[in-house]
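Here's the structure, in structure tokens; my notes come after.
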Amino acid sequence: MNVVVLGASGGCGRQLVQLGAERGHRVTAVARSSSKLEVPPGVTVDRGDLTSAEFLRGVLQGQDAVVSGLGLKLPGLAPWNTPEDATFLSRSTAALVDACKATGVRKVIAISAGGVGDSLSKVPGVFRFLIKATALKVAYAQLDEMEQQLLRSGLDVCIPRPTGLTDGPLTKQAVVAGSFKGRATISRADVAWWMLDQLEAASFAQRTPMITVTGAS
Ligand SMILES: NC(=O)c1ccc[n+]([C@@H]2O[C@H](COP(=O)([O-])OP(=O)(O)OC[C@H]3O[C@@H](n4cnc5c(N)ncnc54)[C@H](OP(=O)(O)O)[C@@H]3O)[C@@H](O)[C@H]2O)c1
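Those letters in the sequence shown? Residues -2 to 214, per my numbering, in order.
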């Protein structure tokens, strides 16, 4: 499949590029011009403004699907920390939807987070507190906006909501969970592997599944 990876320089994005290429996809890794980006042989690199529909229209020509590891950059979780660009995700999602419609690319898989939208009541209380009381509230509002835009778009979308991300190894043990308990975690490699499984499936079983390796309930 011809697959575009948005946010290819990020933790999950790097895994999507590496594992996507290993699984035989023709991967185009996309990141802004300042990103640190190293890709395996055979992967195409495209750099530009991720909030520009014009740029993304060019990137998406001839592609079959988009997988996104984009997220807000937060300097820390203290309540007074402000993101580098507080509306980046809503603007990049609007540009992506425009570009998908213009180019006929219908399949989009983008990472959200456990606790976003109607999953808030399904994460542990300590985590609900962190979402409400720390700088995470800005990121979660943007992830919610991203989800709403994608769900409204009429595109074929899957928006996994992972639990706490780690840089641990690929276990291929990710499961869809009804709720999370304790210190539920999943490695970025497992998130990417699960997303690539969905990419290769005939259809998406769920639009906004919560996924984890540990702490499913
Ligand atoms: N941390 C957790 O425990 C956790 C749990 C659940 C869900 N999530 C969510 O999972 C997603 C992926 O997480 P991650 O750790 O892989 O993220 P990450 O390493 O921070 O990667 C974020 C990606 O977005 C790009 N990006 C951010 N702001 C940008 C901007 N203004 N312009 C262009 N590109 C921009 C980054 O590019 P640069 O490299 O150029 O900065 C990078 O490629 C995030 O949305 C996060 O909120 C996180």
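Using N, Cα and C, we set each Cβ at its ideal position, and we do this for glycine too. Since the structure is predicted, the reported quantities are computational estimates derived from the model, not experimental observations.
Would you mind reading off the limits of the beta strand (DSSP E) that contains residue i?
i	result
lysine 104	104 to 107
threonine 25	23 to 28
alanine 174	172 to 174
alanine 62	62 to 65
leucine 3	-1 to 3
valine 188	Per DSSP, valine 188 belongs to no beta strand (DSSP E); it is in the alpha helix (DSSP H), 185 to 197.
leucine 167	First-last for leucine 167: undefined, no H or E at that position.
valine 154	153 to 155
Buried or exposed: residue i, going by 16 or more other Cβ atoms within 10 Å of its Cβ?
i	result
arginine 185	buried
proline 159	buried
valine 123	exposed
phenylalanine 177	buried
alanine 75	exposed
aspartate 187	buried
glycine 21	exposed
threonine 25	buried
serine 217	Residue numbering for the chain in the displayed model covers -2 to 214; residue 217 lies beyond these limits and cannot be assessed.
serine 116	buried
Measure the Cβ-Cβ separation of residue i and residue j and say whether it is below 7 angstroms.
i	j	result
valine 40	valine 14	yes
glutamine 203	isoleucine 106	no
valine 1	glutamine 60	yes
alanine 174	alanine 213	yes
threonine 205	alanine 181	no
glycine 45	glycine 10	no
asparagine 78	leucine 71	yes
isoleucine 208	alanine 171	yes
alanine 92	serine 49	yes
glycine 17	leucine 193	yes
glutamine 12	alanine 198	no
aspartate 43	valine 27	yes
proline 80	valine 154	no
Less than 7 angstroms between C-beta atoms, sequence neighbours within five positions excluded: which residues of the same chain meet that for residue i?
i	result
arginine 54	Ala96, Ala99 and Thr100
asparagine -1	Arg23, Gly59, Gln60 and Asp61
For residue i, is the beta carbon positioned less than 6 angstroms from some heavy atom of ligand 2?
i	result
isoleucine 108	The ligand content of the structure shown is limited to ligand 1, which means ligand 2 is not among them.
Taking 7 angstroms as the CB-CB cut-off, is residue i touching chain D?
i	result
serine 30	In the structure shown, chain D cannot be found, because there is only a single protein chain.
Got a sec? Which residues, its chain only, sit under 6 angstroms from residue i by beta carbon, not counting five neighbours each side?
i	result
leucine 152	Cys97, Arg103 and Val105
glycine 161	Thr182
valine 120	Gly111, Gly112 and Phe177
Which two residues bound the contiguous alpha helix (DSSP H) that contains residue i?
i	result
leucine 147	133 to 149
leucine 86	85 to 100
glycine 45	It is not in any alpha helix (DSSP H) - glycine 45 carries neither H nor E in the DSSP assignment.
glycine 122	122 to 130
valine 14	8 to 19
Who are the near neighbours of residue i in its chain, counting only those whose CB is closer than 8 angstroms to its CB and skipping five residues on each side?
i	result
glutamate 38	First, the amino acid is wrong: residue 38 is proline here, not glutamate. Once the five neighbours on either side are set aside, proline 38 has no close Cβ partner at all.
glutamate 144	Ser109, Val113, Gly114, Ile156 and Thr205
aspartate 146	Here residue 146 turns out to be glutamine, not aspartate, going by the sequence shown. Answer for glutamine 146: Ser87, Thr90, Ala91 and Val94, listed in chain order.
leucine 133	Leu71, Leu74 and Leu127
glycine 4	Gly10, Val27, Ala28, Leu47, Ser65, Gly66, Leu67 and Gly68
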